[in-house]
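Just below is one structure, and these are the notes that go with it.
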Amino acid sequence: MPSAPLKPTSSWAKRLGLFYVLAVCIALSGAALLSYQIAKATPTDPSAIELTMARFSTHIDYQTAPPSHLESAPVVLLPHRIDDKLQGPGGFYWYEMDFTVLPESRIEALYIPRFAMNAEVYLNRERIGYFGPMTGEYAERNWNRPQILNLGARVLQPGKNTLAIQVRAFPDYLAGLSSVWLGSDENLREAYRSRYEVQVTSVYLSTAFVLGAGIVLTILIGMGKTRSGLLTLLAATCFLWGIRNLAFLTTVPPVEHGLWIQITQGGLLVFASAIVLLILLYCRVPKHRLEWKIWGAYTASFPVLLMINENWALRLVGYYGILGLCMYSWNVIQLMRYGNSKQSLAPHAFGFGLLCYMALSVSDLLFLAGILPFDGYFLNQYMGIAMFLAMSYFLIDRYSGLLAESDRFNETLQSRLMEREAELAAQYQRMQKIDEEKVKMAERQRLMADMHDGLGAHLVAAIHHLQSSNFNRKNTLNLLESGLRDLQLTIDSLEPIEEDLTTLLGAFRYRIADNMRSAGIRLHWVIDQDIPTIPYLDARNCLHVLRIVQEIFTNILKHANASEVSLHVSRGPKYVGVQIQDNGVGFVMERSQHGRGLKNLKQRANALGGSINIHSEAGQGARFLLKLPLDTPIGKP
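Start counting the sequence shown at 3; every next residue gets the next number (the working numbering).
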């Protein structure tokens, strides 16, 4: 959906005014340069002779010498147009002119600004030059190229001389002869070079500019730099313009005359259609508008007419050129409106270039219609330079707009990214806070459960003993000591040991050392040097380890009647082993399998993802080996 038009602003009006001032200055400069070059194409030597009257005769067949009846033929003024608005039977036409050579005259060269199509030159009935074949179907295209001839001194005669030019014309094609100049070789050659530059060299340059732009666009499209349909169509119009200019540049066409006219003139009509299509797409004209229907009818009709008869080719250019000018006039209005709505100079550049193209096309149509003299100039081909400038401005404006849009997109993207980062940071902080709260809540629940199951149970049992009628002071003291040890274990499990088993067991050794000395038990404590950290030793799992070790040492203190106990921490292939061994009375494994103490040891070892091996015989002491895996335990915590 098209965006709403922008309101005109004073800055936009100033930019638009400055643009048109510069555009008009450039156009006037180009027109002045062209006018200067055209003026140089006229010989400036006062002694040069311009032949403007000739006796004229028509022939169906080629003549090998000027016919004798030319002396009584009717006189025509030069420049002379043979065809009538590109309609004529074709054939051979003779122009005969008389001139006088004075002793002081410098008649060294002959200069013909224009003739169409091929010609032979005779001086005093002797052929001195020819341009293109005069017989056969083959046509060499010399209609747009000036010619110059050096006159041999032996041919010229003092006094009266006769110059005859036989022109070969093709049916329904431009035909005639311009005025003819005689004078010094230096002066006429300068005029010849100037006209050649205007009619040929400048067309080469103009075509090269446009074809170069088309090649650049094609390369960009082929490389995937842009996939714009407008730029693809713009590249196509560049190549169509090159095909159209072949009519001005090619003297030896690769195909026969009629087909060559159809190709070149058809290229011009296709170019005109492509320009209108380009403007309709560029201005985003809705498809239901009348402009599209007119363009469709215009495009569909001329190929049919062009193929019916080759002799219609040039006349079609005139008819369709008039219709094309009407469409172009409306296109200029569309471009200006679109440029004002977008406050963009690129549409105005296109519109102004189209205006220049229309002005030059009007001049060419007047030339084809015979209103302008035959020795005039086709100006439409110079539009290539204006097209190149307008195209360059369009590309610069388009890509600068794309760069500005890209910068705006990057700024918007960066702004959104910063907003998103801020949102994610805030969300991360919220999640981190929630996780911290969950950890704290889980730790509180764990502590509450541990204190309830451990210290709470011992305190409740001690209270029951105190309230009991058969109160036993020793039993109550044992319960209170067990509760205190359980509280100590809970506190030790909260120490920041950083997954270090040796530090955890060191804290336990500090707690149990006094009890061992009081019981008269010697404690051997051995920890190997290469004990690694265990990554899953958090507070809960530390408590499991401490309860296992405490349970073993408590049983030794109460039941083993041992004199020595050893604790050895070593590293196995996939585990860390904690081995506790005493030299006490031991116990019978079969009788103890159903005891609650051994079951608790195995359950806690399983909770750590490890295992515990127990070996004992009566009178041989007991050995416990707790295996803690090096990796994260797979058992439930």
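Yeah, the Cβ is synthetic: ideal placement off N, Cα and C, and Gly gets one too.
Q) For H290, does the three-state DSSP call read helix, strand or coil? A) coil
Q: Can you give me the Cβ contacts of W332 inside the same chain, cut-off strictly under 8 angstroms, excluding the 5 residues immediately before and after it?
A: E293
Q: Could you pull out every residue in the same chain whose Cβ sits closer than 6 angstroms to the Cβ of H454, ignoring the five residues on either side in sequence?
A: Note that H454 scores a pLDDT of 49, beneath 50, so its modelled location is shaky; the value from the coordinates is reported in the next line. Around H454: no qualifying Cβ.
**Q.** Beta-ladder partner(s) of A166, from DSSP
**A.** E98, Y124
Q) Near R511, what residues of its chain come up, given a Cβ to Cβ distance below 7 angstroms and the 5 sequence neighbours on each side ignored? A) W527
Q) Considering R542, what are the terminal residues of the alpha helix (DSSP H) in which it resides? A) 541 to 557
Q: Ignore the nearest five residues each way along the sequence and tell me which others in A361's own chain have a CB closer than 8 angstroms to its CB.
A: none
Q. How about A118 and I150: do their beta carbons lie closer than 8 angstroms?
A. no
(Q) Going by DSSP in three states, Y430 sits in which element: helix, strand or coil? (A) helix
Q: For K42, collect the residues of the same chain with a Cβ closer than 6 angstroms to its Cβ; drop the 5 residues on either side in sequence, then sort them by chain order.
A: S196
Q) Out of R573, A521, F250, which has the shortest C-alpha to C-alpha gap to S560? A) Looking at the sequence provided, one finds Lys at residue 560 rather than Ser. It is A521.
Q: Please name the residue in I263, C328, S12, L251 whose C-alpha comes closest to that of S275.
A: C328
Q. How would you label S180, buried or exposed, when you count the other beta carbons within 10 angstroms and need 16 or more for buried?
A. buried
Q. Going along the chain, which residues of its own chain have a beta-carbon closer than 7 angstroms to the beta-carbon of D366, five neighbours each way excluded?
A. F380, L381, N382
Q. Name the DSSP beta bridge partners of T60, please?
A. Y95
Q. For the candidate residues Q583, P537, A564, whose alpha-carbon lies nearest to that of L627?
A. Q583
Q. Hey, how far is the Cα of D174 from the Cα of E407?
A. 54 angstroms
Q. Span of the beta strand (DSSP E) holding W527?
A. 524 to 529
Q. In its own chain, which residues sit with a C-beta less than 8 angstroms from the C-beta of L337, not counting the 5 before and 5 after it?
A. I281, Y284, C285, P349, H350, F352, G353, L356
Q. Do three or more CB pairs link the stretch 617 to 631 to the stretch 564 to 583 at distances below 8 angstroms?
A. yes
Q | Residue of N146, V123, N602 minimising C-alpha distance to M136 | A | V123
Q: Measure the alpha-carbon distance for T46 versus E139 and round it to whole angstroms.
A: 39 angstroms
Q: Measure from the alpha carbon of A509 to the alpha carbon of each residue in I523, D532, P534, V547, then state which is nearest.
A: V547
(Q) Quick check on the burial criterion: 16 or more other C-beta atoms within 10 angstroms. Buried or exposed for S12? (A) exposed
Q | Contained alpha helix (DSSP H) runs [length at least 4] in the stretch 130 to 201, N- to C-terminal order | A | 187 to 198
Q. Opposite D584 in the DSSP bridges: which residues?
A. V567, A624
Q) How is M225 classed by DSSP in three states: helix, strand or coil? A) coil
(Q) With H, G and I counted as helix, E and B as strand and the rest as coil, what does DSSP make of P323? (A) In the sequence under discussion, the amino acid at residue 323 is Gly, which differs from the Pro named in the question. Helix at G323.
Q: Name the one or two DSSP bridge partners that F250 has.
A: Its beta-bridge partners do not exist; DSSP assigns none.
**Q.** Pick from D530, P160, P115 that is closest to Y198, judged by C-alpha positions
**A.** P115
Q. DSSP three-state call for Y330: helix, strand or coil?
A. helix
Q. Taking buried to mean at least 16 other C-beta atoms within 10 Å of its own C-beta, is L236 buried or exposed?
A. buried
(Q) Alpha carbons only, please: which of P537, H570, L503, A33 is nearest the one belonging to L525? (A) H570
**Q.** Proximity below 8 angstroms, CB of L279 to CB of R246
**A.** no
Q.
Quick check on the DSSP output: the alpha helix (DSSP H) that includes L20 runs from which residue to which?
A. 12 to 42
(Q) Could you compute how far the alpha carbon of D530 sits from the alpha carbon of S568? (A) 14 angstroms
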